[in-house]
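S.K.: Supplied in structure tokens, the structure appears directly below.
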């Protein structure tokens, strides 16, 4: 993977570490049985919240002092409530999830003077106001916005970089298709594939009416009428099933044209934070829907390269959101992050130096291998599906 | 819950979009996107509802419902606290779902609904959710080895086993029973979703019709062989039999299981096409009952006590020495009984033979499988006349902890504390 991604991931990691430091006074203990949270009555920096079926979210204070505030939550018996949020206006500034009855947890946030709302979705009383007195609000909210905005900018740069590599790869493939060396053309195919799979949802977003750039670049056999079938997989069939270069040159030229079209459309494009979250989700859907089944690369069997590329693109989009998300919901940010790590570890098991794709061919995987992959993808997707709503408000 | 009751049908939800928007505007608290008010039926007590809280888990001695979905899960998380949190989430979800409510939480257009939605507007139809722990949960992973009950010993290989590993075992077991199959399926689907990142489905079995009677108020259904089997089942009304044979008592080696029970589940495929070519007389010899009334061959009515010693004019036993009714009888098994709660299943057509893959998904609750299921099945599996027509193709064992005491309690809470 080229440098930009590594740099951005590092930045995200540092930001996450800082967020972890902020809440170091004891966050994230969702497994603590109820009743063990100690009550510090009178501490204007601690808010004790009890969630109950009868009263919803009840806190022991209505006012707090500005600065670092710890919210300690116990869900006594509200089976319809599993999370709590602290809102400033419409923005979530702190949150704790996964709190079924019988569990406790806490989170710590930095608050300035002003009015806030405790929000327990699904509770009998869902919202209760909180007043913070003392120093004026810091720029916490705006810095979260700034972090998210910086993230979307990074994503835009990432997309442009990958599309650039894609065009280069398509050109090399096109050249190889005009030559006489089948093996070289097969390698050129494998080299070009990954860049498209990293950013596919962006290309998909340009489909309208009869124009479908994604189909023109990436349709599989049967996805479109035979007469319209072109792009990567048409070339793949020629190279790996028919094993003939004849007739493929025209598809190579078309691929170059279409990837350049994509480059023109994506250059300078801007994104909203939730689009990154949804894009990451779509990339993982790609893995679940067509890669796990081995349908995507049905002739070359380099599905694992596609999987790795989809995952990398998804993780990149998430990493761009992560510094901002870590301020809103550090637990969710670290959950998604650690599930991505687990998924990467699993995908990494299948790296191989014998195939130019860098991975074992998909046909060598057992059903148990595929099940483990599918489960690891789902384990990222479930928490990731909550990210868009966090970065929207 | 004190939510205001409004009957939620899908049509109303769609047609009521304007009303919802109005409600948000009227709320006026600055919650733009985030808040969509969602209302649910009140927790009306009634014939549709089986209480989720009590000394024993529902779904064991409560009247057997018509439909089953049974699922086994493998825990994938390495973290014991993740398992605890999952069991807490399942307990909260079970409370919601058995009350006819969705999996809890708010609704936010920007995120997927917390409940998958296919049971919205459906009554729970006597839904029960019963959760248990397989022997493998007590291995090295979660530090639970010392809490493993002796009665949760791995089932030994039994005569007649033809087990498929993919339909066998599991760290966690979930039995969802309801008179509405969609309601039962909804439980397992949402439990699997709550488990993402912590546990994955290992196998799942649908049961389309109950074969057992667990209450005197119910009549005995027929199995796919056309027979009334399990006539002499333990009934919910028989507190002494439950105490003697089903509930784990105070003398257990693991106090967290007191009030619980052990579930043995077996996927028993019936070779129905072969059975259908067997003569009526031989079918009745195999079971030891008449097919028509279900009476033992020594009696005239279903609930007549079989006379295992009766001889015919030729001096031969009226009930065959290897008749199913004889080998399964408490009299043959030192007085041991099981509470059976099985369901007929089909998984369609066996691709290898084009024959029906159908049979009995056997579920039996008991105090100690080492004393009850294992010896009984060892006897049956060896010589039961039925063996010619059945194959045990799946098997699992789960320790079902006692009932949830109330909101805030969760499955196995003392085990994890």
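Protein chains in written order, with my numbering: chain C, 1 to 393; chain P, 1001 to 1417.
We treat Cβ as the ideally placed atom computed from N, Cα and C, and that holds for glycine.
Using a C-beta to C-beta distance shorter than 8 Å, which residues of chain C count as neighbours of residue 1144(P)?
M.R.: Neighbours of residue 1144(P) on chain C: none; closest Cβ ~14 Å, over 8 Å.
S.K.: State yes or no: is the beta carbon of residue 1101(P) nearer than 8 Å to at least one beta carbon in chain B?
M.R.: Looking at the structure shown, chain B is missing, and the protein chains on hand are C and P.
S.K.: Measuring alpha carbon to alpha carbon, tell me which of 1240(P), 1224(P), 1216(P) and 1237(P) ends up nearest residue 1231(P).
M.R.: It is 1216(P) whose Cα lies nearest to the Cα of residue 1231(P).
S.K.: Identify the continuous beta strand (DSSP E) that holds residue 1070(P) and give its terminal residues.
M.R.: Element bounds for residue 1070(P): 1067–1075.
S.K.: Check residue 81(C) in the structure and name its three-state DSSP category.
M.R.: Residue 81(C): coil per DSSP, three-state reduction.
S.K.: Run down chain C in chain order and give the residues with a C-beta less than 9 Å from the C-beta of residue 1205(P).
M.R.: The premise fails here: residue 1205(P) is roughly 18 Å from chain C at the closest Cβ pair, so nothing lies under 9 Å.
S.K.: Check residue 1283(P) in the structure and name its three-state DSSP category.
M.R.: Helix at residue 1283(P).
S.K.: For residue 1074(P), which residues in the same chain have their Cβ closer than 7 Å to its Cβ, ignoring the five residues on either side in sequence?
M.R.: Closer than 7 Å at Cβ, skipping near neighbours: 1170, 1171, 1199, 1200 and 1202.
S.K.: Let me know the secondary structure DSSP gives residue 340(C) once reduced to three states.
M.R.: The answer is helix: DSSP assigns residue 340(C) an H, G or I state.
S.K.: Within 10 angstroms of its Cβ, does residue 1197(P) collect 16 or more other Cβ (buried), or is it exposed?
M.R.: With 16 or more other Cβ atoms within 10 Å, it is buried.
S.K.: Determine the DSSP secondary structure at residue 1113(P), reduced to helix, strand or coil.
M.R.: In the structure shown, residue 1113(P) sits in coil (DSSP, three-state: anything other than H, G, I, E or B).
S.K.: What did DSSP end up calling residue 1380(P) once you bin it into helix, strand or coil?
M.R.: In this structure, residue 1380(P) counts as helix in the three-state DSSP scheme.
S.K.: Using DSSP with H/G/I as helix, E/B as strand and the rest coil, what is residue 1140(P)?
M.R.: Reduced to three states, the DSSP call for residue 1140(P) is coil.
S.K.: Classify residue 1392(P) as helix, strand or coil using the three-state DSSP reduction.
M.R.: Note: residue 1392(P) maps to strand in three-state DSSP.
S.K.: What are the partner residues of residue 64(C), as DSSP defines its beta bridges?
M.R.: 132(C), per the DSSP bridge assignment.
S.K.: Closest to residue 174(C) by CA distance: which of 42(C), 302(C), 250(C) and 378(C) is it?
M.R.: With distances taken between Cα atoms, residue 174(C) lies closest to 250(C).
S.K.: Check for me: the alpha helix (DSSP H) holding residue 1162(P) runs from which residue to which?
M.R.: Note, residue 1162(P): premise wrong, no alpha helix (DSSP H); not H, not E.
S.K.: Do residue 1088(P) and residue 1096(P) have their C-beta atoms within less than 8 Å of each other?
M.R.: It is not a contact, given that the beta carbons lie outside the stated cut-off.
S.K.: One question on the structure: do residue 1271(P) and residue 1389(P) come within less than 8 Å of each other, judged by their Cβ atoms?
M.R.: Yes, they are a contact pair.
S.K.: Of all the alpha helix (DSSP H) runs that stay within the bounds of the segment 1277–1336 of chain P, which reach a length of 4 or more residues?
M.R.: Within the segment 1277–1336 of chain P, the complete alpha helix (DSSP H) runs of at least 4 residues are 1280–1287 and 1324–1328.
S.K.: On the criterion of 16 or more Cβ atoms from any shown chain inside 10 Å, does residue 1398(P) qualify as buried, or is it exposed?
M.R.: Answer is buried; the Cβ neighbour count reaches 16.
S.K.: Between 388(C), 333(C), 302(C) and 339(C), which lies nearest to residue 354(C) when the distance is taken from Cα to Cα?
M.R.: With distances taken between Cα atoms, residue 354(C) lies closest to 302(C).
S.K.: Give the straight-line distance between the Cα atoms of residue 382(C) and residue 1193(P), rounded to the nearest whole angstrom.
M.R.: Distance between the alpha carbons of residue 382(C) and residue 1193(P): 8 Å.
S.K.: Report the three-state DSSP secondary structure of residue 302(C) (helix, strand or coil).
M.R.: Residue 302(C) falls in the coil class under three-state DSSP.
S.K.: Output, in chain order, the set of chain C residues within a Cβ distance shorter than 7 Å of residue 1096(P).
M.R.: Near residue 1096(P) (Cβ distances below 7 Å), the residues of chain C are 79 and 80.
S.K.: From the DSSP output, in three-state form, read off residue 1225(P) for me.
M.R.: Note: residue 1225(P) maps to coil in three-state DSSP.
S.K.: Distance cutoff 8 Å, beta carbons only. Does residue 1196(P) sit that close to anything in chain C?
M.R.: For residue 1196(P), the answer is yes, since a Cβ of chain C falls inside 8 Å of its Cβ.
S.K.: Anything in chain C within Cβ reach of residue 1089(P), meaning under 8 Å, just list it in chain order.
M.R.: In chain order: 82, 98 and 100.
S.K.: Go ahead and label residue 367(C) buried or exposed: buried means 16 or more other beta carbons lie within 10 angstroms of its beta carbon, across all protein chains shown.
M.R.: Classification of residue 367(C): exposed, given that the 10 Å Cβ count is below 16.
S.K.: So which residues on chain C does residue 1147(P) lean against when the C-beta distance must stay under 9 Å?
M.R.: Within 9 Å Cβ-Cβ: nothing; residue 1147(P) doesn't reach chain C, min ~16 Å.
S.K.: Ends of the beta strand (DSSP E) at residue 1345(P)?
M.R.: Unbroken beta strand (DSSP E) run through residue 1345(P): 1343–1349.
S.K.: Would you report the Cα separation of residue 89(C) and residue 276(C), rounded to the nearest angstrom?
M.R.: Distance between the alpha carbons of residue 89(C) and residue 276(C) is about 23 Å.
S.K.: Might you give, ordered along the chain, the residues of its own chain that have their beta carbon closer than 6 Å to the beta carbon of residue 1406(P), omitting 5 neighbours on each side?
M.R.: These residues qualify, in order along the chain: 1053.
S.K.: Considering only the alpha carbon of each residue, which of 101(C), 352(C) and 335(C) lies closest to residue 304(C)?
M.R.: Ranking the options by Cα distance to residue 304(C), first place goes to 352(C).
S.K.: Quick one: is the Cβ of residue 208(C) within less than 7 Å of any heavy atom of the ligand GDP?
M.R.: Absent from the structure shown: the ligand GDP. Ligands present: none.
S.K.: Hey, would you say residue 199(C) sits closer than 8 Å to residue 255(C), going by beta carbons?
M.R.: No, the pair does not count as a contact, with Cβ atoms beyond the cut-off.
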